[in-house]
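Okay, so here's the structure we're looking at.
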Amino acid sequence: MTPSLEEAFRLLRLAQRDLQTYHILAAHPDASLVATCFHAQQSVEKALKAVLTACRATVPRTHNLEELGLLVTECGIGLPAPARDLRRLSPFAVDFRYDEETIALITTEAAGLLAESVCQWAKALIEATSQ
0 MTPSLEEAFR
10 LLRLAQRDLQ
20 TYHILAAHPD
30 ASLVATCFHA
40 QQSVEKALKA
50 VLTACRATVP
60 RTHNLEELGL
70 LVTECGIGLP
80 APARDLRRLS
90 PFAVDFRYDE
100 ETIALITTEA
110 AGLLAESVCQ
120 WAKALIEATS
130 Q
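Here the sequence shown is numbered in numbering that gives the first Met the number 0, starting from 0 and rising by one per residue.
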């Protein structure tokens, strides 16, 4: 296995860990929207970076999911969701973590569905690349 594929699988494992944390928080009635959606955002970010790594593309140091999604499309790979939908999770990476006020850009459920679909898509792509 190439080093880029090894790194892609590592990032995918980290994305799955964040997705699992999202599910734990989403099931807890007292969990905040910000904390829960942060883990959905992190899951999507790491899954997108895993795909970019598997494609041997340059992976920027960014939390901007729309930017990462556009880079994936530049590699000739279709996204599982429109880039504008990915944008709705980006503020949970930084903006809302340090602010007490939040704007409901996405529901907890929608964030989870998006994260699930991106992680499944990334896993399928990377597994296909490794064969």
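Glycine included, C-beta positions come from ideal geometry on N, C-alpha and C.
Assigned secondary structure, H22 (DSSP; H/G/I helix, E/B strand, else coil): The answer is helix: DSSP assigns H22 an H, G or I state.
Is the number of C-beta pairs between the segment 46-54 and the segment 120-127 that are closer than 8 Å three or more? The way I'd put it, the segment 46-54 does touch the segment 120-127; three or more beta-carbon pairs between them come closer than 8 Å.
Would you mind reading off the limits of the alpha helix (DSSP H) that contains H38? From DSSP, the alpha helix (DSSP H) with H38 extends over 32-53.
Using 8 Å for Cβ pairs, my map puts A34 next to L18. What's the rounded Cβ distance? Rounded, the Cβ-Cβ distance is 14 Å, inconsistent with contact.
Check whether the segment 79-96 and the segment 110-117 are in contact - that is, three or more C-beta pairs closer than 8 Å. Short answer: they touch.
Outcome for V117 when other beta-carbon atoms lying within 10 angstroms are tallied against a minimum of 16: Result: buried.
Straight-line CA distance for C3 to C74? For the sequence presented, residue 3 should be read as Ser rather than Cys. So the alpha carbons of these two residues sit roughly 15 Å apart.
Using beta-carbon positions only, say whether E44 and L70 come within less than 8 Å of one another. Their beta carbons are not under 8 Å apart, which means E44 does not touch L70 by this criterion.
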